[in-house]
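Take the sequence shown: its letter number 208 is residue 212 in our numbering, and every next letter is one higher.
Glycine included, each C-beta is placed from N, C-alpha and C at the ideal position.
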Amino acid sequence: MKKLLLFVMSLICILQDSTGQKATKSYPFAVGRQSCGAGTRQIHYYNYDGVNNIIQNAHTGVAGNLVNNCIPQLRIGGAPNGTQRFTSNLASVSFNPKDHQIYYLWTNISIPRTYAWRWPYGTCPGTAVNKLDTLVSFGADILGVAFDNNGNGYLLEFSPEPNGVPHKAWIKSIDFATGAIGGADTLNFTGGAVIYLTGNGDVAMTPSGQMFFVVDNKLFTPNYTAYTGTGSF
């Protein structure tokens with residue numbers, strides 16, 4: 005599925021110890037430009053004040069020493085100082101609560117192939133002379149990935165245009181260690197929901213384990229825990 009995502013926001017909640025009790029701290033992050041449709045393409049880290057409902061750049065608040073907005077230095081194989089590959093176009097980001105890493109995906113739609121990198125949340129990976137290489141790549145156009153609390157990854161696919169309209173949707177597992185994408189389970193929509201457009205959207209997982217995906221201005225909450233990879237659902 006072709007991706008036209010220019011700005012993807014993710015939200016994580018990090019557990020912190022305070023006087024023997026657990027508390028949560030929300031650190032949203034995103035891939036996008038400095039302003040709407042213009043400016044430098046960057047990774048943006050934020051600090052969210054839930055009491056006062058305020059979001060601000062992480063470096064302006066008390067946000068666990070997170071870095072300022074930054075431009076990750078990434079490569080696809082080759083020399084350490086090779087071609088810079090980071091962009092906010094045709095890209096998405098996700099947080100894995102299992103390893104506390106950001107997973108950044110970018111798709112070369114002319115092949116298509118999706119490349120994945122990962123780095124610790126709140127940091128800026130690589131330098132101009134020693135760029136971060138890919139973790140793995142997949143022979144598919146992947147819109148985005150959501151991770152559950154055990155680190156299991158899931159992605160969504162839709163039937164192609166124009167013959168696939170209205171679109172069907174499938175959920176698949178994805179393994180960043182082996183590079184394997186699992187079999188498809190069909191998602192059956194309730195309430196008469198129909199998907200006509202799949203050019204943009206997002207998939208995310210809450211800290212409580214609820215999956216959400218948005219496409220065609222519609223919000224869905226699939227039961228990913230029933231996934232089998234055998235075409236059921």
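At the C-beta level, Tyr108 and Ala95 come within 8 Å of one another. When the beta-carbon positions are compared, Gly43 and Gln77 stay at least 8 Å from each other. By the criterion of a C-beta distance shorter than 8 Å, Gln214 is surrounded in its chain by Thr225, once the five residues flanking it on both sides are discounted. Taking the C-beta atoms as reference points, Tyr119 is found nearer than 8 Å to Thr138.
In this structure, Gly148 places its C-beta atom within 8 Å of the C-beta atom of Val207.
Our two residues, Gln60 and Ala132, have alpha carbons roughly 28 Å apart in a direct line. A residue is called buried when at least 16 other Cβ atoms come within 10 angstroms of its Cβ; Lys102 does not meet this threshold and is exposed.
A straight line joining the alpha-carbon of Ile58 with that of Asn100 spans about 24 Å.
Around the beta carbon of Ile175, 16 or more other beta carbons sit within 10 angstroms, so the residue counts as buried. Within the same chain, Cβ atoms closer than 6 Å to the Cβ of Ser141 are found at Arg117 and Tyr119, the five residues on either side in sequence being excluded. Beta-bridge partners assigned by DSSP to Arg37: Arg45. In the structure shown, the three-state DSSP call for Ala120 is strand. If you draw a straight line from the Cα of Val169 to the Cα of Ser236, it comes to about 21 Å. Judged by DSSP secondary structure, Thr111 falls within the beta strand (DSSP E) whose first and last residues are Gln105 to Asn112.
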